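The block underneath contains the structure these notes are about, expressed in structure tokens.
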Amino acid sequence: MALKPAVGENDHVQGNEDASVELVEYGDYECPHCGRAYPIIKNIQEKMGDKLKFVFRNFPLAEIHPNAITAAIATEAAALQGKFWEMHDIVFEHQKSLSVERLLDYAAELGLDMHRFSKDFSDKQSLAKVEEDFESGIRSGVNGTPSFFINGNKYEGDWSEEMLLEVLVEKTK
Amino acid sequence: MLAVGTRAPEFTLHSTPDQKVSLSELKGKKVILAFYPADWSPVCGDQMALYNETLKLFHKHNAEVVGISVDGKWCHAAFRENRKLHFSLLADFEPKGAVSRMYEAYDETKGSSLRALYVLDEDGVIRWNYLSPTGVNPGADGILDALEELDNAKIKQ
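So the sequence lines, in the order shown, correspond to chains A and B. Using UniProt numbering, read the first sequence as starting at 1 and increasing by one per residue. Using UniProt numbering, read the second sequence as starting at 1 and increasing by one per residue.
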């Protein structure tokens, strides 16, 4: 199954934009499996350096994870001040405390302009971005979280650090 | 699986402990029949949880989804409540698997429904079907593609 739409301007990209290997994750900030994937991805990014381009898209399962959408919106609001990845990290590192109050604390810790953040946090545009990501996931065949796409194709294999790293490194050759 | 173009056979099953629903009551809407093996699969974002999150997209196409398994009505009620599902789960319980058999979506050896999807048009005719390996959540992309195609075909008429 193929990634629809392909990675574009609206995406949050980490690493080398021009790398030959692109890894896209569809994730939910309150999903424990995504929490487990978070340090794995970090380690892989460190090992692969500029050989890897990493993209994160939102796929909140809101009915089973009541804080997943608000957490996702907080990352999108932080993105408007250039701090998407900082917020992404903090949220994954505090998966069990994602109430609105805590999310505001994290934003403050990152030194965001809080007046602007509060406004963006409640803005429909931030929610729309999260919903767009979710819909793109559904259309791409995402059936749970985390789901990974490597160079545009859905990766169905084991995502333990060893396996995923091996598959990604193989693609650089 | 029943072929595309076939009229979907009528059935009546429990949707809650004290209510029954018949397929014919859903006429006028597109219907997604999602046969699945069992409630309580141990993962986040299992097939039913995923459809729960996708309801808004289904509704855009005037479509309703129903889940069907051989679990009893009380089991379905508990599962729906636990997962906060906003659509019906039908109990193909007595006689066990009768509707699943009728839709050629029954695994005789395991005694449970297969993971089979049907999309019916507003007149109750099967327009798309898909049989997934039992262990694989088929997602919702195939369903949405089928619904979109039905809507596009209508526009062209």
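Don't be surprised by glycine CBs; every beta carbon is placed ideally from N, CA and C. Note that the structure is a prediction, hence the values are computed from the model and not measured.
Using a CB distance cut-off of 9 Å, E81 (chain B) does not count as an interface residue toward chain A.
Within chain B, D141 have C-beta atoms less than 8 Å from the C-beta of S140 (chain A), given in sequence order.
The shortest C-alpha to C-alpha distance from L33 (chain B) to any of B:A116, B:K156, B:N152 is the one to B:A116.
In the displayed model, K96 (chain A) falls within coil according to three-state DSSP, outside both helix and strand.
Your pair I41 (chain A) and F54 (chain A) checks out as a contact, with CB atoms roughly 7 Å apart and the cut at 8 Å. None of the residues of the segment 82-114 of chain A has a beta carbon lying less than 8 Å from any beta carbon of chain B. Taking 9 Å as the cut-off, the Cβ atoms of D46 (chain B) and S69 (chain B) do not count as close.
Against chain A, a Cβ distance below 9 Å from L50 (chain B) picks out L61, I138, V142, N143, G144.
At a cut-off of 9 Å between beta-carbon atoms, E25 (chain A) makes no contact with chain B. Judged by pairs of C-beta atoms under 8 Å, the segment 134-144 of chain A touches the segment 122-141 of chain B, as three or more such pairs exist. The shortest C-alpha to C-alpha distance from L26 (chain B) to any of B:Y130, B:L144, B:V125 is the one to B:V125. Going by DSSP, V99 (chain B) is part of the alpha helix (DSSP H) stretching over 98-102. Within chain A, the residues whose beta carbon sits less than 7 Å from that of L144 (chain B) are I138, R139, listed in sequence order. Between L85 (chain B) and D71 (chain B), the C-beta gap is not smaller than 9 Å, which leaves the two residues out of contact. Per the C-alpha coordinates, the member of A:T172, A:L164, A:K119 positioned closest to N43 (chain A) is A:L164. Between K171 (chain A) and N151 (chain A), the CB-CB gap stays under 9 Å. Between H65 (chain A) and E30 (chain A), the C-beta gap is smaller than 9 Å, which places the two residues in contact. H14 (chain B): member of the beta strand (DSSP E) spanning 12-16, first to last residue. Close CB contacts of L168 (chain A) within its chain, under the 6 Å cut and outside five residues either way in sequence, are with V21 (chain order).
Comparing alpha carbon positions, the residue from A:Y106, A:P5, A:D50 closest to Q14 (chain A) is A:D50.
Within 9 Å of the CB of M1 (chain A), the CB atoms of chain B belong to G139, D141, in sequence order along the chain. If you look at I68 (chain B), you'll find it in the beta strand (DSSP E) that goes 63-69.
Contact annotation: L147 (chain B) and F58 (chain B) have beta-carbon atoms nearer than 9 Å.
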